[in-house]
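Before any comments, here is the structure.
2 protein chains.
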Amino acid sequence: MTIGIGLLGLGTVGAGVAEILANPEGRHPLVAELALRRVAVRDLARPRAVPVAAELLTTQAEAVVDDPAVDIVVEVLGGLEPARSLILRAIAAGKPVVTANKAVIARHGEEIAAAAAAAGVYVLLEAAVGGGIPIIEPLKQSLGANRIDRVSGIINGTTNYILSRMAAEGADYGAVLADAQRLGYAEADPAADVQGADAADKIAILTGLAYGGSVPRQAIPTEGIDRLDARDVAYADKLGYVVKLLAVAQRIDSQPGGGDKASGDPDAVLLDVRVHPTLLPRSHPLAGVNGVFNAILVEGDPVGQVMFYGPGAGAGPTASAVVADILNIAGIRQATLPAGSAGGPVGLDPLLAAGSWRRCRLIDGALTTHRNYVRLRTSDEAGVIGRIGTCFGEAGVSIQSIVQFEAHSDAAEIVVITHEVLEERFRQALDAIAALAEVQGVAACLRTL
Amino acid sequence: MTIGIGLLGLGTVGAGVAEILANPEGRHPLVAELALRRVAVRDLARPRAVPVAAELLTTQAEAVVDDPAVDIVVEVLGGLEPARSLILRAIAAGKPVVTANKAVIARHGEEIAAAAAAAGVYVLLEAAVGGGIPIIEPLKQSLGANRIDRVSGIINGTTNYILSRMAAEGADYGAVLADAQRLGYAEADPAADVQGADAADKIAILTGLAYGGSVPRQAIPTEGIDRLDARDVAYADKLGYVVKLLAVAQRIDSQPGGGDKASGDPDAVLLDVRVHPTLLPRSHPLAGVNGVFNAILVEGDPVGQVMFYGPGAGAGPTASAVVADILNIAGIRQATLPAGSAGGPVGLDPLLAAGSWRRCRLIDGALTTHRNYVRLRTSDEAGVIGRIGTCFGEAGVSIQSIVQFEAHSDAAEIVVITHEVLEERFRQALDAIAALAEVQGVAACLRTL
Numbered sequence: 001m002t003i004g005i006g007l008l009g010l011g012t013v014g015a016g017v018a019e020i021l022a023n024p025e026g027r028h029p030l031v032a033e034l035a036l037r038r039v040a041v042r043d044l045a046r047p048r049a050v051p052v053a054a055e056l057l058t059t060q061a062e063a064v065v066d067d068p069a070v071d072i073v074v075e076v077l078g079g080l081e082p083a084r085s086l087i088l089r090a091i092a093a094g095k096p097v098v099t100a101n102k103a104v105i106a107r108h109g110e111e112i113a114a115a116a117a118a119a120g121v122y123v124l125l126e127a128a129v130g131g132g133i134p135i136i137e138p139l140k141q142s143l144g145a146n147r148i149d150r151v152s153g154i155i156n157g158t159t160n161y162i163l164s165r166m167a168a169e170g171a172d173y174g175a176v177l178a179d180a181q182r183l184g185y186a187e188a189d190p191a192a193d194v195q196g197a198d199a200a201d202k203i204a205i206l207t208g209l210a211y212g213g214s215v216p217r218q219a220i221p222t223e224g225i226d227r228l229d230a231r232d233v234a235y236a237d238k239l240g241y242v243v244k245l246l247a248v249a250q251r252i253d254s255q256p257g258g259g260d261k262a263s264g265d266p267d268a269v270l271l272d273v274r275v276h277p278t279l280l281p282r283s284h285p286l287a288g289v290n291g292v293f294n295a296i297l298v299e300g301d302p303v304g305q306v307m308f309y310g311p312g313a314g315a316g317p318t319a320s321a322v323v324a325d326i327l328n329i330a331g332i333r334q335a336t337l338p339a340g341s342a343g344g345p346v347g348l349d350p351l352l353a354a355g356s357w358r359r360c361r362l363i364d365g366a367l368t369t370h371r372n373y374v375r376l377r378t379s380d381e382a383g384v385i386g387r388i389g390t391c392f393g394e395a396g397v398s399i400q401s402i403v404q405f406e407a408h409s410d411a412a413e414i415v416v417i418t419h420e421v422l423e424e425r426f427r428q429a430l431d432a433i434a435a436l437a438e439v440q441g442v443a444a445c446l447r448t449l
Numbered sequence: 001m002t003i004g005i006g007l008l009g010l011g012t013v014g015a016g017v018a019e020i021l022a023n024p025e026g027r028h029p030l031v032a033e034l035a036l037r038r039v040a041v042r043d044l045a046r047p048r049a050v051p052v053a054a055e056l057l058t059t060q061a062e063a064v065v066d067d068p069a070v071d072i073v074v075e076v077l078g079g080l081e082p083a084r085s086l087i088l089r090a091i092a093a094g095k096p097v098v099t100a101n102k103a104v105i106a107r108h109g110e111e112i113a114a115a116a117a118a119a120g121v122y123v124l125l126e127a128a129v130g131g132g133i134p135i136i137e138p139l140k141q142s143l144g145a146n147r148i149d150r151v152s153g154i155i156n157g158t159t160n161y162i163l164s165r166m167a168a169e170g171a172d173y174g175a176v177l178a179d180a181q182r183l184g185y186a187e188a189d190p191a192a193d194v195q196g197a198d199a200a201d202k203i204a205i206l207t208g209l210a211y212g213g214s215v216p217r218q219a220i221p222t223e224g225i226d227r228l229d230a231r232d233v234a235y236a237d238k239l240g241y242v243v244k245l246l247a248v249a250q251r252i253d254s255q256p257g258g259g260d261k262a263s264g265d266p267d268a269v270l271l272d273v274r275v276h277p278t279l280l281p282r283s284h285p286l287a288g289v290n291g292v293f294n295a296i297l298v299e300g301d302p303v304g305q306v307m308f309y310g311p312g313a314g315a316g317p318t319a320s321a322v323v324a325d326i327l328n329i330a331g332i333r334q335a336t337l338p339a340g341s342a343g344g345p346v347g348l349d350p351l352l353a354a355g356s357w358r359r360c361r362l363i364d365g366a367l368t369t370h371r372n373y374v375r376l377r378t379s380d381e382a383g384v385i386g387r388i389g390t391c392f393g394e395a396g397v398s399i400q401s402i403v404q405f406e407a408h409s410d411a412a413e414i415v416v417i418t419h420e421v422l423e424e425r426f427r428q429a430l431d432a433i434a435a436l437a438e439v440q441g442v443a444a445c446l447r448t449l
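These protein sequence lines are chains F and U, in that order. For the first sequence, my numbering assigns the number 1 to the initial residue and increments by one for each residue that follows. For the second sequence, my numbering assigns the number 1 to the initial residue and increments by one for each residue that follows.
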């Protein structure tokens, strides 16, 4: 039973997919049953290294979706439009969709999921998070028996490359970024990576799958690495930590002060979802993930901690994930459509379809609890550590360590790591500290695991 | 649509499964549709902490399989019999099976798979390898687009616990084993773990899934950690390595001397599958896996390296994997059996069913290539390193490092790490070295990655 594939886009990932389909030997035998039928490109004349027959190419993306020989539509265009419209067009035509497009799913996921459910087709997106790492499928299927407590990940390769080099070389952010751009690890416009938007798109997607309900993408607090000081990477190292851009989605069982009851939706699962540079103890499973590699740690009951590690980007790994989704759809078609049968599929596998099954909402940031790293610039006077400690103490903030680094002329730097504290109390303490005569400024403030 | 579950065994894992089924809140909503209908136990009178109604219990395992209210049979008895017969009985009755039993699958997998294919039912076994780590499902589905080059794993928690403590404390194997037994990390009879049979069962299963064809379990060269000397763990550390019990299945593209063509089955995929203590460079992704944790590294084209990490045993993690399989079967039933329909499932998803799709065979051990670590006891004389080096050189064995450790009285210890060499040449060099007058003996010989 041959299954016709329509490919929207023949860039890096699209070419990787075409390459796999053209060379099925040694892969799962189902790959040999996939036939590339139509490919949408921008420019027919552009020379291409991939083995795609010229007559399959078209500049009319709609024609690919509409082609009756196309059974599964693969969207690897990226961006919001026309990707969103083409995905919806495929769904409306009753064709399952495979996409690698995190931006469109993070922003239009609910609309697309509703359309897919109504039409009874799958929209699969393994390649949208973590490149070649199987993480979407395990979250949907293999971990379904669990109550998920936390999903935390290093899910942006560009920033992890930059942070790994900052840590290894003691180099400044700007210098490493420029080098990363030269080497092709960072884009000419690196904003979406370094400011955290890419990681926020991906954690929005993982949140929806892990907790069975979506949260508004735009409401996810997001901080990038673009203002990170090499000094904080170095101090973190001295204190036994590494700095990583972490995306986290954590279930909050109860909110201090009963704020969850006041929200008007007491039954919704309360989540703390965020992206920010984070200090990880060197023994943490994610601390050893370096370079462009990604890793996602899932914590749940009863499984405990499981981690998925691998290449977070690149043509080959991403194409591996795209073809995995195609195979999944092809496999379930064989289960529902034995050879010779004329009938259509009779239902959807609820795990693979991954519809939303409960409401989730974000906790008020002031009511979250975290450990914190703070670097203060102070005058180098006796008693300043005591006064800082007193400010934390008066706000009810418990301190794990307070260390003075390099005092020169009359200035010193003091680094404080707190225990887990309520964000609003921590902010209150910081205000009091900033008002001390000996404190010249709060130079940095990072979260700590 | 309620799905009836029959449980064979209510030990640690069975109780974990019953616990999840009794408490579906917060898990995937499909869990709430699973109903425990019958449970086979050895002793009805034994007090149990799990929430299973007494009337569900029976000592007649066959009655559980035969019960018309049981749709899916879950085998968590362990051991070969009666597990094998009960699995075959369920298959014959057209009932899908979920098992956590690595021993029965490693030894009777082909018989069971053939019966399952003939009857058109699934036999799923996520819990048989890696406890709670999703690895079976990703190998079957998420990595199907790849040509797998190598699967290597730390897949026995007991030995990894012992090795981690030997490395951290410089302690002897025997002392750590005794302590591990006292703490419940090793069984009273630890043979299956420490001699490598458990890991060999598991790599046999992973091999079948990764390469689409089985290899004879008994033919897998297996070496445990029971003869490992603390001294080698310490020397490895000094040279930048950690020692792990590694299970490896590697595809060999061509065999030196064309031996593959002479075998009578030139089309079979040639594999090097083995279990042995192995030196890993400290930077290797598996090197940081400590304690009872397991991890499996899969290398393939085009995905590159992906790693799966988590708890390799324990009631909760293993039950998480068992229920994942139950959910998978339940999910695909919903896709093929819409509510109200009377018809049976119409086919099998070939990815989930994971039938064998090509022939595999093991390479002759003498024709494999490896890096090696050798510890020699020698007399402490000038020139001995030169003569050892000459023996390796004459056999065509290239050396990475040769280091003399602690010379006292007239004895010395010399550790050699070779580059990748053909096993038969390495053995030839070792024979020549053992015959040297200055060499008192080959004290240890380990593989190195």
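Cβ atoms here follow ideal geometry from the backbone N, Cα and C, with glycine treated the same way.
task = Please check if any C-beta of chain F sits within less than 8 Å of the C-beta of D265 of chain U.
result = For D265 of chain U, the answer is no, since every Cβ of chain F falls outside 8 Å of its Cβ.
For M307 of chain F: DSSP bridge partner residues = DSSP lists F:L297, U:Y309 as partners of M307 of chain F.
message = For the region 110-134 of chain F, list every residue whose C-beta sits within 7 Å of some C-beta in chain U, in sequence order.
response = From the region 110-134 of chain F, only E126, G132, I133, P134 have a Cβ closer than 7 Å to chain U.
ask   = With distances taken between CB atoms, is the gap from I87 of chain F to V123 of chain F smaller than 8 Å?
value = V123 of chain F is positioned such that its CB atom lies closer than 8 Å to that of I87 of chain F.
ask   = Per the contact definition of three or more C-beta pairs closer than 8 Å, is the region 280-296 of chain F in contact with the region 211-224 of chain F?
value = Not touching, per the Cβ criterion.
query = With distances taken between CB atoms, is the gap from A443 of chain U to L362 of chain U smaller than 8 Å?
reply = Contact: no.
ask   = How would you list, in chain order, the residues of chain U whose beta-carbon sits under 8 Å from the beta-carbon of T336 of chain F?
value = For T336 of chain F, the C-beta contacts it makes with chain U under 8 Å involve A335, T336, V346, G347, in order along the chain.
query = Does the separation of the CB atoms of K102 of chain F and K244 of chain F fall below 8 Å?
reply = Cβ atoms of K102 of chain F and K244 of chain F: not closer than 8 Å.
query = For D325 of chain F, which of helix, strand or coil comes out of DSSP?
reply = D325 of chain F: helix per DSSP, three-state reduction.
query = Going along chain F in order, which residues have a C-beta closer than 8 Å to the C-beta of I332 of chain U?
reply = I332, A335, D349, listed in chain order.
ask   = Can you tell me whether DSSP reads L86 of chain F as helix, strand or coil?
value = L86 of chain F sits in a helix when the DSSP states are folded into three classes.
query = Whose CA, out of U:P29, U:R227, U:G120, lies closest to the CA of K140 of chain F?
reply = In terms of CA proximity to K140 of chain F, U:P29 leads the group U:P29, U:R227, U:G120.
Which of helix, strand or coil DSSP assigns to H419 of chain U = H419 of chain U: coil per DSSP, three-state reduction.
key: Cut-off 8 Å between Cβ atoms - residues of its own chain near L21 of chain U, not counting five sequence neighbours on either side   = Sequence-distant partners of L21 of chain U (beyond 5 residues in either direction) whose C-beta falls short of 8 Å from its own C-beta, in its chain, are I5, V31, L34, A35, L36, V323.
ask   = For a contact meaning CB atoms closer than 8 Å, what does V323 of chain F contact in chain U?
value = The contacting residues are G144, A145.
task = Would you mind working out which of U:V76, U:V41, U:A53, U:G78 sits nearest A63 of chain U, comparing C-alpha positions?
result = The residue with the shortest Cα to Cα distance from A63 of chain U is U:V41.
inquiry  = Taking 7 Å as the limit between beta carbons, can you name the residues of its chain near D380 of chain U, skipping five residues before and five after?
reply    = Within its own chain, the residues whose Cβ lies closer than 7 Å to the Cβ of D380 of chain U, once the five positions on either side in sequence are excluded, are A407, D410, A411, A412, listed in chain order.
Anticipated Cβ contact below 8 Å, A115 of chain F with I136 of chain F, distance rounded = Wrong, their Cβ atoms sit about 19 Å apart, outside the cutoff.
task = With DSSP as the reference, label K244 of chain F as helix, strand or coil.
result = Strand.
query = Could you give the distance in angstroms between the alpha-carbon of L246 of chain F and the alpha-carbon of L177 of chain F?
reply = Rounded to whole angstroms, L246 of chain F to L177 of chain F spans 18 Å at the Cα level.
message = Between F:S85, F:E299, F:A188, F:R358, which has its C-alpha nearest D267 of chain F's C-alpha?
response = Cα-wise, what sits closest to D267 of chain F is F:R358.
task = State the DSSP-derived secondary structure class of E406 of chain F, mapped to helix, strand or coil.
result = Shown here, E406 of chain F sits in a strand according to DSSP, grouped into three states.
ask   = Under the three-state reduction of DSSP, which class applies to V439 of chain F: helix, strand or coil?
value = Three-state result, V439 of chain F: strand.
query = How would you label Q334 of chain U, buried or exposed, when you count the other beta carbons within 10 angstroms and need 16 or more for buried?
reply = The residue is buried, with at least 16 neighbouring Cβ atoms inside 10 Å.
Bounding residues of the beta strand (DSSP E) (the contiguous stretch that carries P221 of chain F) = No beta strand (DSSP E) holds P221 of chain F; DSSP gives it neither H nor E.
message = I want to see whether chain F comes within less than 8 Å of V403 of chain U, judged by CB atoms only; does it?
response = False, the Cβ-Cβ gap to chain F never drops below 8 Å.
Cβ of S85 of chain F within 8 Å of any chain U Cβ = Chain U, which has no Cβ nearer than 8 Å to the Cβ of S85 of chain F, makes this no.
inquiry  = Between the region 151-159 of chain U and the region 193-210 of chain U, can you find at least three pairs of beta-carbon atoms closer than 8 Å?
reply    = Verdict: yes, contact present.
inquiry  = Between A128 of chain F and the ligand GTP, is there a pair consisting of the residue's CB and a ligand heavy atom that are separated by less than 7 Å?
reply    = The ligand GTP is absent from the structure shown, which contains no ligand whatsoever.
Residue ranges of each beta strand (DSSP E) within the region 69-135 of chain F, 3 or longer = Given a length threshold of 3 residues, each whole run of the beta strand (DSSP E) inside the region 69-135 of chain F is given here in chain order: 72-75, 97-99.
inquiry  = Let's see if you can read the secondary structure: which residues bound the alpha helix (DSSP H) around A354 of chain F?
reply    = Secondary structure note for A354 of chain F: it is in no alpha helix (DSSP H), with a DSSP letter that is neither H nor E.
message = Taking beta-carbon pairs under 9 Å, can you tell me which members of the region 296-307 of chain U lie near chain F?
response = Within the region 296-307 of chain U, the qualifying residues are L297, V298, G300, D301, P302, V303, G304, Q305, V306, M307.
task = For D272 of chain F, I'd like the list of residues in its chain whose CB is within less than 6 Å of its CB, leaving aside the five on either flank, ordered along the chain.
result = Within the same chain, D272 of chain F has close Cβ partners Q250, I252, I363, T368.
query = Checking contacts by CB at 8 Å: is P96 of chain U closer than that to chain F?
reply = No, P96 of chain U does not count as interfacial toward chain F.
task = Determine the closest residue to D237 of chain U out of U:G300, U:G170, U:E81, with distance taken between C-alpha atoms.
result = In terms of CA proximity to D237 of chain U, U:G170 leads the group U:G300, U:G170, U:E81.
query = Cα separation between R147 of chain F and G365 of chain F?
reply = R147 of chain F and G365 of chain F: Cα-Cα distance of roughly 23 Å.
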